[in-house]
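Colleague:
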Amino acid sequence: NGIAAVALAGWVAGCATGPDFRPPAAPESESWGEAASGAAQRSDADRAAPADWWTLFGSAELDAAVAEALEKSPTLDQALARLRQAQEEYNAQAGAVRHPAVDAGFGAQRQKVNPEAMGVQNMPAPDPFSLYQASLSVSYAFDLFGKDRRTLEALKAQIDRREIELEGARRTLAANVVLAAIRLAETEKRIEAAAGIVAARAEQSEIARQRQDAGGISARETESAGWALEQARAALPALENQRARLRRQLAVYLGREPAAAPAEIADLDKLQLPAEVPAGVPSEVARRRPDIRAAEAVWHRACANVGAATADLYPRLTIVASLGSQETDLGDVLSRANVWSIGGDLMQPIFRGGALRARKRAAEAAYDEAAAAYRDTVLRGLQEVADALQALETDARTLQARAAAADHARAAREIADEQVTAGGLSRAAALEERVREWQAASERAQAQAARLADTAALHHALGGGEGRRESGAAPE
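This note's numbering puts the first residue of the sequence shown at 21, with every later residue one more than the last.
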């Protein structure tokens, strides 16, 4: 009855060690301010980012690339291994504290006893003999003040964090594949435009050389045309290098070696721009974004660690029992039990040089740090969404202007070609209009890619994307 009373009192006290974690309140604001004016694409605050948002771009090749990355990327294997590690650390600790420890032992000794050494006189010394011992011991430490419970709570929060990080890694990987594919498609368009400019400049240079030979222009004008040609050629290597780097980057995302890099995944002109984009509200974003939820799990773990450090200041009760046999004949060791013991140990820390209280204060400081880190993660996450929404507004206006400029450049080149046919304009002058057309096409491709990329970035910032995959049963 006395032990039961002590255990009951300890259980009540254990519920009070350290602060109990309470989920943080959602952000108070319910809009993104000036970021979502709706001028670019229609935004819907009630519409959540779909899990497979990349399918909105209407590219089967892009969908296949994302699927391959989610299946084969070693980044996800790392995240999954970290999750399994956290689960097994929880299982190990749960098995150690929820159940008694049971150990079996066996020993053998060869001994010779000297009676005189033990104060017995005039007794002949016995012959050397063998002593065999077999034992079974059981011990159990009662969690009177909740240390074990709070330790398990911290480990469970770590599992939650690893699960969320795996989910976040999948979402980030999908977004990286989409963004790299868009940038690769943009680079292909820019290389095409740069090659067109080189071709036009080369024809201009050849015309200038022929005119110089005919005495129609000076050597200075010919050299100027050569300079323009080499300037155009100089732009190609950087773009080709960027294309190669993007292909290798995509190969790594897909779990391939760089030598197996894919070619162009999507044509920029064939990618569909979603007519509607989700806007969400800050409170919903805070519940969906993996980085915010992971920061909350870290905060939860820090809270549980405060409880465990507090419980270290209080007594700990351990019960130990053993049953065994000691015989001089090996055949009799397992036939009967002739030794046993049972006892309890109540240990109260008295003086540890201030170590226990210092650890408690350190745990409290870690708790404060985790709380501040959570708030910082929320603010940065909301800023990322607002920035992405604002970027779409800017992208829409930029693309509209770039597309109009490209239309004007094409029309000017068509007129110039007609004038050349009619004999009213030189071929060299008409080629200058073709250069402007290629330049306008390159700038339009950049604006087009920026709008597609920022649309993808918005879906990712809102917490949309691939959820968690099966990773085994969660610990109970």
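C-beta atoms are modelled at their ideal positions from N, C-alpha and C, and glycine is treated no differently.
(1) With DSSP as the reference, please indicate the residues paired to Ile-339 in a beta bridge.
(2) Within this structure, are the beta carbons of Arg-377 and Leu-164 separated by less than 8 Å?
(3) What number of angstroms, rounded off, separates the C-alpha of Leu-293 from the C-alpha of Asp-72?
(4) So what does Gly-125 bridge to, in DSSP terms?
(5) Within its chain, find whatever has a CB closer than 8 Å to the CB of Asp-474; leave out the 5 residues flanking it on each side and keep chain order.
(6) Out of Ala-424, Glu-277 and Gly-327, state which residue places its alpha-carbon closest to the alpha-carbon of Glu-173.
(7) Mind reading off the beta-carbon distance from Glu-241 to Ala-228? Whole number of angstroms is fine, and I expect it under 8 Å.
(8) I believe Val-305 touches Gly-483 by the beta-carbon criterion, under 8 Å. Please report the beta-carbon distance rounded to the nearest angstrom.
(9) Hey, would you say Arg-221 sits closer than 8 Å to Ala-255, going by beta carbons?
(10) What number of angstroms, rounded off, separates the C-alpha of Val-340 from the C-alpha of Val-122?
(11) Enumerate in chain order the residues of its own chain whose CB-to-CB distance from Lys-132 is below 7 Å, with the five nearest sequence positions on each side excluded.
(12) Is any non-hydrogen atom of the ligand HEM found closer than 7 Å to the C-beta of Ala-128, if you look at the structure I gave you?
(13) Restricting to Cα atoms, I'd like to know which of Glu-452, Leu-186 and Gln-420 is closest to Pro-94.
(14) Go through its chain and collect everything with a Cβ distance to Arg-471's Cβ below 6 Å, but skip five positions before and after it.
(15) With DSSP run on the structure shown, which of helix, strand or coil describes Arg-356?
(16) On a CA-only basis, which of Glu-384, Leu-333, Leu-366 and Ala-393 is nearest Gly-373? Give me that one, please.
(17) How long is the line joining the alpha carbons of Lys-176 and Arg-417, rounded to whole angstroms?
(18) Is it buried or exposed for His-119, if we count other Cβ within 10 angstroms and need 16 for buried?
(19) Provide the residue(s) that pair with Ser-244 in DSSP beta bridges, ordered along the chain.
(20) Three Cβ pairs or more, each shorter than 8 Å: is that satisfied between the stretch 193-202 and the stretch 281-300?
(21) So, are the CB atoms of Ser-155 and Thr-348 less than 8 Å apart?
(22) Using a Cβ-Cβ cut-off of 6 Å (strictly less than) and excluding sequence neighbours within five positions of His-320, which residues of its own chain qualify?
(23) Relative to the C-alpha of Thr-192, which candidate in Gly-38, Pro-282 and Tyr-273 has its C-alpha closest?
(24) For Asp-76, count neighbouring C-beta atoms within 10 Å of its own C-beta (all shown protein chains included) and say buried if the count is 16 or more, exposed if not.
(25) For Asp-396, count neighbouring C-beta atoms within 10 Å of its own C-beta (all shown protein chains included) and say buried if the count is 16 or more, exposed if not.
(26) Once DSSP output is grouped into helix, strand and coil, what is the label at Gly-344?
(27) Taking the beta strand (DSSP E) that Pro-298 falls in, what are its first and last residues?
(28) Report yes if the C-beta distance between Arg-331 and Arg-130 is below 8 Å; otherwise report no.
(29) Which residues does DSSP pair with Arg-130 in a beta bridge?
(30) Once DSSP output is grouped into helix, strand and coil, what is the label at Trp-319?
(31) How far does the alpha helix (DSSP H) with Glu-434 in it reach, from first residue to last?
(32) Do you know whose CA, among Val-398, Ala-442, Gln-346 and Val-318, lies nearest Arg-308's CA?
(33) Taking Ser-113 as the reference, give the member of Ala-84, Leu-96 and Asp-168 with the closest Cα.
Modeller: Looking at the atomic coordinates:
(1) On the sequence shown, residue 339 is found 319 positions in, with the first residue counted as 1. Its beta-bridge partners are Tyr-160 and Gly-364.
(2) Start at 1 with the first residue of the sequence shown, and residue 377 comes out as number 357. Start at 1 with the first residue of the sequence shown, and residue 164 comes out as number 144. Cβ atoms of Arg-377 and Leu-164: not closer than 8 Å.
(3) Within the sequence shown, numbered from 1, the residue matching residue 293 stands at position 273. Within the sequence shown, numbered from 1, the residue matching residue 72 stands at position 52. Roughly 15 Å between the two C-alpha positions.
(4) For the purposes of this step, residue 125 is taken as the residue at position 105 of the sequence shown. Looking at the DSSP assignment, Gly-125 forms a beta bridge with Ser-155.
(5) Here residue 474 refers to the residue found at position 454 when the sequence shown is read from its first residue. Cβ within range, chain order: Ala-408, Ala-411, Leu-412 and Asp-415.
(6) To locate residue 173, count along the sequence shown from 1; it is residue 153. It is Gly-327.
(7) The count along the sequence shown starts at 1 and reaches residue 241 at position 221. The count along the sequence shown starts at 1 and reaches residue 228 at position 208. Their Cβ separation, rounded to whole angstroms, is 6 Å, which keeps Glu-241 and Ala-228 in contact under 8 Å.
(8) Start at 1 with the first residue of the sequence shown, and residue 305 comes out as number 285. Start at 1 with the first residue of the sequence shown, and residue 483 comes out as number 463. Right, the Cβ-Cβ distance comes to about 6 Å (below 8 Å), so this counts as a contact.
(9) For this step, residue 221 is matched to residue 201 along the sequence shown. For this step, residue 255 is matched to residue 235 along the sequence shown. No. Outside cutoff.
(10) The residue given as residue 340 occupies position 320 in the sequence shown. The residue given as residue 122 occupies position 102 in the sequence shown. Those two C-alpha atoms are separated by around 10 Å.
(11) To locate residue 132, count along the sequence shown from 1; it is residue 112. Cβ within range, chain order: Pro-148.
(12) Because no ligand of any kind appears in the structure shown, any question about the ligand HEM cannot be addressed here.
(13) Here residue 94 refers to the residue found at position 74 when the sequence shown is read from its first residue. With distances taken between Cα atoms, Pro-94 lies closest to Leu-186.
(14) The residue you call residue 471 lines up with position 451 of the sequence shown. The residues are Asp-415 and Leu-419.
(15) Your numbering for residue 356 matches position 336 in the sequence shown. Coil at Arg-356, not helix or strand.
(16) For the purposes of this step, residue 373 is taken as residue 353 along the sequence shown, with counting starting at 1. The residue with the shortest Cα to Cα distance from Gly-373 is Leu-333.
(17) Taking the sequence shown and counting its residues from 1, one reaches residue 176 at position 156. Taking the sequence shown and counting its residues from 1, one reaches residue 417 at position 397. The alpha-carbon atoms of Lys-176 and Arg-417 are separated by roughly 49 Å.
(18) Taking the first residue of the sequence shown as 1, we reach residue 119 at position 99. His-119 comes out exposed.
(19) Along the sequence shown, read from residue 1 onward, the residue named residue 244 stands at position 224. Answer by DSSP bridge pairing: none, since Ser-244 is not bridged.
(20) yes
(21) Numbered from 1 along the sequence shown, position 135 holds the residue referred to as residue 155. Numbered from 1 along the sequence shown, position 328 holds the residue referred to as residue 348. Contact flag unset, no.
(22) Here residue 320 refers to the residue found at position 300 when the sequence shown is read from its first residue. Result list for His-320: Phe-41 and Ala-177, in chain order.
(23) What you label residue 192 is simply residue 172 of the sequence shown in a count that begins at 1. It is Tyr-273.
(24) As a first step, residue 76 is located in the sequence shown; it is residue number 56 there, counting from the start. For the record, residue 76 in the displayed sequence is Leu; it is not Asp. Classification of Leu-76: buried, given that the 10 Å Cβ count is 16 or more.
(25) Here residue 396 corresponds to residue number 376 of the sequence shown, with the count starting at 1. Exposed: under 16 other Cβ atoms inside 10 Å.
(26) Along the sequence shown, read from residue 1 onward, the residue named residue 344 stands at position 324. Strand.
(27) On the sequence shown, residue 298 is found 278 positions in, with the first residue counted as 1. From DSSP, the beta strand (DSSP E) with Pro-298 extends over 296-298.
(28) Position 311 of the sequence shown holds residue 331. Position 110 of the sequence shown holds residue 130. Before going on, a small fix: residue 331 reads as Ala here, not Arg. Not a contact, by the Cβ cut-off of 8 Å.
(29) In the sequence shown, residue 130 corresponds to position 110, counting from 1. Paired residues: Ser-150.
(30) Residue 319 sits at position 299 when you count from the first residue of the sequence shown. Helix at Trp-319.
(31) Your numbering for residue 434 matches position 414 in the sequence shown. From DSSP, the alpha helix (DSSP H) with Glu-434 extends over 375-442.
(32) Along the sequence shown, read from residue 1 onward, the residue named residue 308 stands at position 288. Among Val-398, Ala-442, Gln-346 and Val-318, the Cα nearest to that of Arg-308 belongs to Val-398.
(33) Against the sequence shown, residue 113 aligns to sequence position 93. With the sequence shown as reference, residue 113 is identified as Gln, and Ser is not the correct amino acid for it. Residue Asp-168 is the option with its Cα nearest to Gln-113.
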